[in-house]
Amino acid sequence: MLGDRLKELRESRKLTQDKLAEILGISRGTYAHYEINKRKPDYDMLIKLADYYGVTTDFLLRGESQEAQDNIFNEEARRILEDPDTLVAAADGKITASILEAAQRIIADQLKSGRQPGDIKNGNKK
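For the sequence shown, the working numbering assigns the number 1174 to the initial residue and increments by one for each residue that follows.
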């Protein structure tokens, strides 16, 4: 759970709850509630925590590593590039390299924001 990951990250850096709360600009009690899953950090605090620890918000929320996210990205990119319609369009000059690169950026942005491949196409937004 989120609290367990926060505690593990804090302890791995040999920080006290007091020190980390001071760094984050919150009370120790608020931070302690995050670690025991009594309170959830808001969106801005999640980003602040992820940035501080150098991890993704996906890792904090779901425990997914960057490697897992990269694997999802690679699988989705491969699926798009292996799609016969994509290949035919590329061969016919209807899809340029810049369009393919843009598609890769969209997929990467989608994964960074916590959406899974197919969410945009299926209309699922977070």
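Glycine included, C-beta positions come from ideal geometry on N, C-alpha and C.
Would you tell me roughly how many angstroms separate the C-alpha atoms of G1198 and A1276, rounded to the nearest one?
Position 25 of the sequence shown, counted from the first residue, corresponds to residue 1198. Position 103 of the sequence shown, counted from the first residue, corresponds to residue 1276. Going by the C-alpha atoms only, they are around 38 angstroms apart.
Should R1186 go down as buried or exposed, given a rule of 16 or more other Cβ atoms within 10 Å for buried?
As a working mapping, residue 1186 is identified with position 13 in the sequence shown. Burial call: exposed.
Which residue comes first and which comes last in the alpha helix (DSSP H) that contains G1176?
On the sequence shown, residue 1176 is found 3 positions in, with the first residue counted as 1. Run containing G1176: 1175-1185, per the alpha helix (DSSP H) assignment.
How would you label D1300, buried or exposed, when you count the other beta carbons within 10 angstroms and need 16 or more for buried?
Outside the shown range of the chain (1174 to 1299) lies residue 1300, about which nothing can therefore be said.
For D1215, which of helix, strand or coil comes out of DSSP?
Here the question's residue 1215 lines up with position 42 in the sequence shown. Note: D1215 maps to coil in three-state DSSP.
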